[in-house]
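In my numbering, the protein residues as written are 19 to 531.
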């Protein structure tokens, strides 16, 4: 299955987290919410320690495409695959703790990764700058959700079969999905890898630690997990930060097409507002659809150099492949700024510029290739509510994403969602919701929807930004202040308005002066 097909199923990618050195000075309040300290202290240079029933030992977290490592502590953590069956196999979940920079309070930051299918441990290097301030006096827990990373992953070769990009073929998709289910069935039962199973794992971890309170930080799909954990275990949650939030009422995939088109049109409106860009690309959306129509009529082989390995590659590009590429481009302002120019180049016969960026954009989300875990989630929680929508048939993405999910879920073994799964989030837990103004996946209206049902929540919409914004500008300091005060209404969020959309590239040298 083509790479963009695999990645497009994911709801979220964790990309473009800014460097720690770019963060602004804090403008927050001096008061802090009551906290306790002393139960979870780690001695300087400790090689091992015990928290609750868990034995942690020093370890190093590696980083994809880098020789850099992160000092951490790891502990074995085993759970039952099927808690309803006393004879169920037991599975090992990868657990890591990144120690606080100073004396630690007794609440833990818990990072919940996106996808579904991303590893929290492997995602840490990209999210770390966003939590640099918040972890000054809090430990961070990284638990690979079951089915991801090194937690009995549901990976299979059948869904990761090379770089070719054929048009979506339901029969071929069915064959690949069936082969994948057989492969992962040798070591896992895919029915027990849903959000609800992950909620139970997280609570079991909390109890094993001695029942501390959690500050949940969810990104994209991770916000679904955060909301459902809080619903089941409110007493265990001190605060939530929901970045690019997924409302409980939403069926994942049902609005992908319209959200992408809306975001692209809003991004292109910025081009129209700048004379140099408007002159170079009078109608980027029409150009994009013209390229799509060309590829519908005649898919073509693209020869390009991989930007990471420099290896010469050839890939088949068709209309759906184009939609997947553009969707990934639209996630962050840095890559969205390239869309008009790369589309213009492709219309002129140079597809390499479009395809060459794929290797860069996909960095950090390689684990989604061939991941059956996202099928276990989507098929149990969303697929039966997905319906092809005639009104989006002529959008860039169209209904093929829905058709693909339905084709796979007709075969994939999956569990059932709880009766209250789609009820809106409620409660008085302090919540900070972050949304990018131009998010092509989880637009600001999702944040408005979630905040409406919460008693102590605040929404920050960050101008000009896309998906996953927690690392942008002053947001890391606002997140830290929020965790300290538990008062989202008191945050001075004016600094977030300093961000904006990156001007579109006029040529490969960048935007016009």
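Glycine residues also receive a C-beta, built at the ideal position from the N, C-alpha and C atoms. Note that the coordinates shown come from a computational prediction; the quantities given were computed from them, not determined experimentally.
Excluding sequence positions up to five away, which residues of its chain have a Cβ less than 7 Å from the Cβ of residue i?
i           : result
residue 484 : 348, 349, 350, 351, 354, 454, 456, 457, 458
residue 195 : 426, 429, 430
residue 143 : 81, 88
residue 517 : 480, 481, 482, 483, 490, 491
residue 296 : 289, 290
residue 119 : 153, 154
residue 222 : 97
residue 401 : 423, 424, 427
residue 59  : 121, 122
residue 139 : 79, 112, 114, 160, 162, 167
Let's test the definition: count the other Cβ atoms within 10 Å of the Cβ of residue i and tell me whether it reaches 16, buried, or not, exposed.
i           : result
residue 525 : exposed
residue 500 : buried
residue 319 : exposed
residue 422 : buried
residue 399 : buried
residue 158 : buried
residue 304 : exposed
residue 321 : exposed
residue 48  : Caution is warranted here: a pLDDT of 41 is assigned to residue 48, below 50, making its placement in the model unreliable, and the coordinate value is therefore given only provisionally. With fewer than 16 Cβ atoms within 10 Å of its Cβ, residue 48 is classed as exposed.
residue 332 : exposed
residue 367 : exposed
residue 449 : buried
residue 326 : exposed
Give the DSSP-derived three-state secondary structure of residue i in the structure shown.
i           : result
residue 360 : helix
residue 423 : helix
residue 276 : helix
residue 91  : strand
residue 85  : strand
residue 213 : helix
residue 78  : strand
residue 66  : strand
residue 510 : coil
residue 99  : coil
residue 231 : coil
residue 449 : strand
residue 222 : helix
residue 123 : strand
residue 187 : coil
residue 525 : strand
residue 72  : strand
residue 164 : coil
residue 149 : helix
residue 47  : Residue placement at residue 47 cannot be trusted, given a pLDDT of 37 that sits under 50; what the coordinates show is reported in the next sentence. Note: residue 47 maps to coil in three-state DSSP.
residue 55  : strand
residue 405 : coil
residue 42  : Confidence at residue 42 is low in this model, with a pLDDT of 34, below 50, so the placement of that residue is unreliable and no value is reported for it.
Skipping 5 residues on each side, what residues in its chain have a beta carbon closer than 8 Å to that of residue i?
i           : result
residue 436 : 214
residue 56  : 124
residue 279 : 410, 413, 414, 415
The beta strand (DSSP E) that contains residue i, what's its start and end?
i           : result
residue 129 : 126-130
residue 481 : No beta strand (DSSP E) contains residue 481, which DSSP labels as neither H nor E.
residue 159 : 158-161
With a CB to CB cut of under 6 Å and the five nearest residues on each side skipped, what residues in its chain are close to residue i?
i           : result
residue 403 : 269
residue 464 : 263, 265
residue 226 : 70, 71, 72
residue 110 : 96
residue 530 : 294, 524
residue 440 : 266, 267
residue 220 : 247
residue 446 : 473, 474
residue 78  : 87
residue 444 : 471
residue 286 : 302, 303
The alpha helix (DSSP H) spanning residue i covers which residue range?
i           : result
residue 344 : 337-347
residue 114 : Residue 114 -> not in any alpha helix (DSSP H); beta strand (DSSP E) instead, spanning 108-116.
residue 465 : 462-469
residue 499 : 493-503
residue 398 : 391-399
residue 145 : 138-145
residue 353 : 351-354
residue 371 : 370-374
Would the beta-carbon of residue i be found less than 7 Å away from any heavy atom of the ligand SAM?
i          : result
residue 57 : The ligand SAM is not part of this structure, which contains no ligands at all.
- prompt: What are the uninterrupted segments assigned as alpha helix (DSSP H) that are 4 or more residues long and contained completely in the stretch 246-334, given in chain order?
  reply: 274-290, 293-298, 302-315
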